[in-house]
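Heads up: the structure comes next, in C-alpha cells.
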C-alpha cells in the first residue's frame, strides 16, 4: 500500500493513479513551493493573539507562528518537534482557531499515541463549539479520552431509560452536550 501510494505521488498517471491533491509532490519534495508572505503571517498572528484559547501562547512566538502558518496553509501543514516543545498546545489552539473561523468545520486529529489526542481534546473541553468524537479501541484510550469514545456514545444511545446500562454510560460527550443545552435554556419547561 505504501509503495502504491508513493507511486501516485512520484509518478501519477493512468497506471499508478493520482493523489487526491495534485500538488502533493510539490509540497513534499520542495518545501519552497509552500511559501508564505511575511505580511500575511504577521496579520494572522495578530488575529490569533486576539482570540487565544491557550493564553500561554502569547509568550511563545514559535508556537504562535506554527498556529498562524498552519491556518494560512491552503493545502498541507506539518508540525514536528521533540517532546515538550508545545505541539499539543499548538494542536489545541489550531482546533480552536479553525472553529472560530468555521463553526461547522470537521477536523480529523491523529497521532501515534492516544494520549496526545486526548490531551489536545482535554484542553478544549470547556469550549461549547467543540464536539469531539474519539474513534478507536476504547480499551486503549486514556481516561480523559473515554468520555468522547464513539463506542461509549453508541452504547448510551441504545440504553433503555432507567436501566443499569444507561446509568453506566452516562459519562459521555453526548450527555454533557445535552446537559449543557438544557442548562442554557430558559426556565420554560418546553425548552428543557
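Numbering (the working numbering), first residue to last: 56 to 247. Each residue gets a CB set at the ideal place from its N, CA and C atoms; glycine is no exception. Owing to the predicted nature of the structure, the values given are computational and were not obtained by experimental measurement.
Tell me whether residue 200 sits in a helix, a strand or coil according to DSSP, three-state version.
For the purposes of this step, residue 200 is taken as residue 145 along the chain shown, with counting starting at 1. The answer is helix: DSSP assigns residue 200 an H, G or I state.
When DSSP builds the beta bridges, which residues end up paired with residue 68?
Position 13 of the chain shown, counted from the start, is the residue given in the question as residue 68. According to DSSP, which records beta bridges pairwise, residue 68 is partnered with 72.
Put residue 62 into one of helix, strand or coil per three-state DSSP.
Translated into the one-based positions of the chain shown, residue 62 becomes position 7. Three-state result, residue 62: helix.
Can you tell me whether DSSP reads residue 178 as helix, strand or coil?
Your numbering for residue 178 matches position 123 in the chain shown. Looking at residue 178 - three-state DSSP - the assignment turns out to be coil, as it is neither helix nor strand.
For residue 175, I'd like the list of residues in its chain whose CB is within less than 6 Å of its CB, leaving aside the five on either flank, ordered along the chain.
Counting from 1 along the chain shown, the entry for residue 175 is found at position 120. These residues qualify, in order along the chain: 143, 146, 147.
What's the gap between the Cα of residue 113 and the Cα of residue 81?
Translated into positions along the chain shown, residue 113 becomes position 58. Translated into positions along the chain shown, residue 81 becomes position 26. Rounded to the nearest angstrom, the two C-alpha atoms are 33 Å apart.
Tell me whether residue 173 is buried or exposed, calling it buried when 16 or more other Cβ atoms sit within 10 Å of its Cβ.
Mapped onto the chain shown, residue 173 falls at position 118. Buried.
Does the pairing of the segment 118-131 with the segment 196-203 give three or more beta-carbon distances under 8 Å?
Three or more beta-carbon pairs separated by less than 8 Å are not found between the segment 118-131 and the segment 196-203, which leaves the two stretches without contact.
By alpha-carbon positions, which one of 158, 152, 150, 171 ends up nearest to residue 137?
Residue 137 sits at position 82 when you count from the first residue of the chain shown. Ranking 158, 152, 150, 171 by Cα distance to residue 137 puts 171 first.
Would you say residue 123 and residue 94 are within 8 Å of each other, going by their C-beta atoms?
By one-based count along the chain shown, residue 123 stands at place 68. By one-based count along the chain shown, residue 94 stands at place 39. No, Cβ-Cβ distance for residue 123 and residue 94 is not below 8 Å.
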